[in-house]
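Keeping their order, the protein sequence lines are chains A and B.
Quick note: the first sequence uses the numbering used here, first residue 332, plus one each step.
Quick note: the second sequence uses the numbering used here, first residue 233, plus one each step.
Glycine is no exception: its CB is placed at the ideal position from the N, C-alpha and C atoms.
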Amino acid sequence: MRGLLDRPAPTASAALTLRRGAARVLLDNWTGTSTVPSRTLYPHQWSWDSAFIAIGLRHLSARRAQRELESLLAGQWADGRLPHIVFNPALPPDAYFPSPDFWQSSRAGRTAGAPSTPETSGIVQPPVHALAAWLVHRADPAESRRRGFLARAYPRLVAWHDYLLTRRDLGGGGLAAVVHPWEPGMDNSPCWDGPLQRVDPAAPDAYHRADLNHGNPADRPTDLDYGRYVRLAADYRDAEYDDHAARHRFAVEDPCFNALLIVSESALANMAGELGRSGAPHTARAAELTRRLVSRLWDDTSGLFRVRDLATDALVDERSVTGLVPLAVPHLSRDVVKRLHETLDGPHFRAPATHLIPSYDVTGHAFDPHRYWRGPAWFNTAWLIHRGLRTHGLTAQAERLRQGFLAEAGRSDFAEYVDPVTGGGRGARRFSWTAALTLDLLCI
Amino acid sequence: MECAVQPADLRPIPRGTLRTAVQEQLLPGDTLQAKWDIAQESGYDAIELRARGDFHFTARLDELRQAREDGVVMPTVCVDMPHFFGAFDEDQRRDAIAQLKAQLTVIAELGGLGVQTPAAFGMFSRRLPPFEPPRTEQEDREILLTGLTELGEHARAEGVTLFLEPLNRYEDHMVNRLDQAADLIRATGMDCIRIGIDSYHMNIEESDPVAAILAHADLIGHAQVSDSNRLQPGAGHLDWPAWLSALHTIGYDGHLVAECRLTGDPIEAVRSIPAFLQRSGA
């Protein structure tokens, strides 16, 4: 493991230009078939990380970008789910917690269709993959066609979306639900605090947190939160990852998760067209999902989308960046776009020291500028909101965000996230999706 | 409904451009001046010379001086000899070193950068019968270090660089990978010896050519390009964008020298290389 994680980098990225530095991060973090999010903190392949990484990697090597997504898709389960981690079998079990020994995918997930190899986790992450696959294809269509990339990726991505819209429609309202705080990707967002109250934490001596070996405890989720994460994951595993049989003590509909499903469904329509099939079913599904997103999660009073807690069937009274990401959805009403734009510029999400968007309301009761998704500003959500601003013709604000993104990515040595009060980089450095999305924004 | 893919998604990234060069034998024309005209028309920034044995390169000095006065850019030379400084035969080894010294002197006289040579070419392969070479690995190493040190001292005196090129396992048994060349160069402690990489050999020998470039960034001084099948870049299946990205990220500022065989119309093949490399991220 030391060889993989601590390989020396002869040239400091800070000394190179931004583009060279970003490229260097992606080349250093490449493992042969995919990219680790961070050499120090995240040694396996993560699902939505790989999608964002592929979006940047396509500018370095279309072939590597395709392989990034293909290696993730190779971990797909027969029920269609794309696991949030595909484990590198060359690493020891204690390289990360929860480890393959915890998830036991090949055994506990057998009925749900987990592959016998590789080992994976059993939960999912936001479905940004079809968007990534389409952008990767567009970067070099000739290479994509030569390798049959879309023809192989498309049916798997369709199965992934089908899984989310059938087995994960736990609320019956036509949106995908997430059953663990790690699934929406914003692990310790205050949005989950209320729903998590129903979860008894696992005993602290029942597991060892590997994330604290390299991460600063002040930047990471608390032990109490972590105990609840472990409990939820263990319960899901013990129900053999059966979405209908499991008793979900945590089940919410997340705006970012469903917005990315919509954007990706639109990408599937484009892929279908490229493959000589009809894209109409995907287009219709994206339109229907957009209607459901607005009807179930839009909060007109506060001007952003909210999380819906399926246990109470009520919207969670917290303002999070997840409620702004739906700006990336193409066919929103003009009024919703206008309100989202106002919220983005308003007091809850304007931070003193960053152009990025804080992950949580800077005036909110739970705001913490250091702690992961409870305040810090992240580069992937900024990229999605930048995309949304451009999609809706808000080009001046998009450009300001882009310039800020590039400056802060370079200044922080491609940090995992940024303290919105001081502007200082936090978490891992040389973080892959920050570098990848930097490369992508340098294209514009 | 169209996915919101903006045209900007497809625009190339602005970047510094790597310069290209082509070896002289690939260009049509009776003189270097005529070859240079075609090279420039094709988008090349320089010509790489080839140096035969028997002090042939020294004998070309007047021709080369005139070419330089006529504006031909010739920063480097690659050996084109029947034996090399790692030869088993002592006389051949001494001759190769004498030839290389003369070539270093001539390229210095021309204001160039240096000479590229492998340890040996076509002398022995551990992959072909009789499989076991007449020297031990330790003897090989001593021979190579002795030769490199003598050549490095000469290069230093002339103010130029010797580029040591790893070849694939079927062409040489001593220096196949960048790490082997780097180990020898570090053992000499001489900064006038650098690695001359070749994409074709790297594709065969390196488990990850990109990682090898990054790992030996500080020692890479020269780069020759041909595709997976030894044909011109674009005629095989190398991942050129990844390979070129690695050179960009290490700040490589030398040329990409086409040293390859050609398929299709030879002039069109030569003309295609600079544009192909540019499209691939050079």
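### Task
Report buried or exposed for S609 (chain A), applying the criterion of at least 16 other Cβ atoms within 10 angstroms of its Cβ.
exposed
### Query
Should R622 (chain A) be flagged as near chain B, meaning a C-beta pair shorter than 8 Å?
no
### is_contact[D359 (chain A), chain B] using C-beta, thresh 8 Å
yes
### Message
Please confirm whether D440 (chain B) has its beta-carbon closer than 8 Å to some beta-carbon of chain A.
### Response
yes
### Message
At the 8 Å Cβ level, is I245 (chain B) part of the contact set with chain A, yes or no?
### Response
Caution is warranted here: a pLDDT of 39 is assigned to I245 (chain B), below 50, making its placement in the model unreliable, and no coordinate value can be reported.
### Query
Under three-state DSSP, which class holds V457 (chain B)?
strand
#### Entry: Top-ranked residue by Cα proximity to L293 (chain B), from B:L399, B:I279, B:V311, B:A334
Of the candidates B:L399, B:I279, B:V311, B:A334, the one whose C-alpha sits nearest the C-alpha of L293 (chain B) is B:A334.
### Query
How big is the Cα-Cα spacing for L349 (chain A) and R359 (chain B)?
44 Å
### Message
Which of the three DSSP states is assigned to Y748 (chain A) in this structure?
### Response
In the three-state scheme derived from DSSP, where H, G and I count as helix and E and B as strand, Y748 (chain A) is classed as strand.
### Query
Hey, E256 (chain B) and E280 (chain B): beta-carbon distance below 8 Å or not?
yes
### the region 764–772 of chain A in contact with the region 383–402 of chain A per 3-pair CB rule at 8 Å
yes
### Short CB-CB distance (under 8 Å) between S477 (chain B) and chain A
yes
### Query
How would you list, in chain order, the residues of chain B whose beta-carbon sits under 8 Å from the beta-carbon of G411 (chain A)?
Chain B residues near G411 (chain A): none, gap ~21 Å exceeds 8 Å.
#### Entry: 8 Å Cβ cutoff, S392 (chain A) in contact with chain B
yes
### Message
Any beta carbon from chain B within less than 8 Å of G363 (chain A)'s own beta carbon?
### Response
yes
### Task
Leaving out five residues on either side along the sequence, give the residues of the same chain with a beta carbon under 7 Å from the beta carbon of F710 (chain A).
L687, F736, A740, W764, T765, L768
### Query
Mind checking if T290 (chain B) is an interface residue toward chain A, Cβ cutoff 8 Å exclusive?
no
### Query
In chain order, what residues of the region 589–617 of chain A put their CB closer than 8 Å to some CB of chain B?
V594, S597, A598, A600, N601, T614, A617
#### Entry: Contacts of R351 (chain A) in chain B (Cβ-Cβ under 8 Å)
H480, T481, G483
### 7 Å Cβ cut-off: residues of chain B touching R478 (chain A)
Here the premise fails: no neighbours, minimum Cβ distance about 10 Å.
### Distance between V594 (chain A) and A445 (chain A) (C-alpha atoms, nearest Å)
26 Å
#### Entry: Boundaries (first-last residue) of the alpha helix (DSSP H) holding T420 (chain B)
410–420 is the span of the alpha helix (DSSP H), which, as asked, contains T420 (chain B).
### Query
Does the beta-carbon of E596 (chain A) have 16 or more other beta-carbons within 10 angstroms, so that it is buried, or is it exposed?
buried
### Message
In this structure, how does DSSP classify L772 (chain A) when only helix, strand and coil are distinguished?
### Response
helix
### Query
Using a C-beta to C-beta distance shorter than 8 Å, which residues of chain B count as neighbours of R731 (chain A)?
In chain order: nothing, as chain B lies at least about 16 Å away.
#### Entry: G654 (chain A) classed as buried or exposed, judged by whether at least 16 other C-beta atoms fall within 10 angstroms
Buried.
### Task
Indicate the three-state DSSP secondary structure (helix, strand or coil) for S437 (chain A) in the structure shown.
helix
### Message
Rounded to whole angstroms, what is the Cα-Cα separation between L675 (chain A) and F636 (chain A)?
### Response
If you draw a straight line from the Cα of L675 (chain A) to the Cα of F636 (chain A), it is about 12 Å long.
### Message
Output needed for G719 (chain A): all residues of its chain with C-beta closer than 7 Å, excluding positions within five of it in sequence on either side, in chain order.
### Response
L658, A659
#### Entry: Chain-ordered chain A contacts of A490 (chain B) [CB-CB under 7 Å]
The contacting residues do not exist; A490 (chain B) stays about 21 Å from chain A at best.
### Message
Assess contact between the region 499–509 of chain A and the region 420–433 of chain A, defined as three or more Cβ pairs (one per stretch) separated by less than 8 Å. Is contact present?
### Response
no
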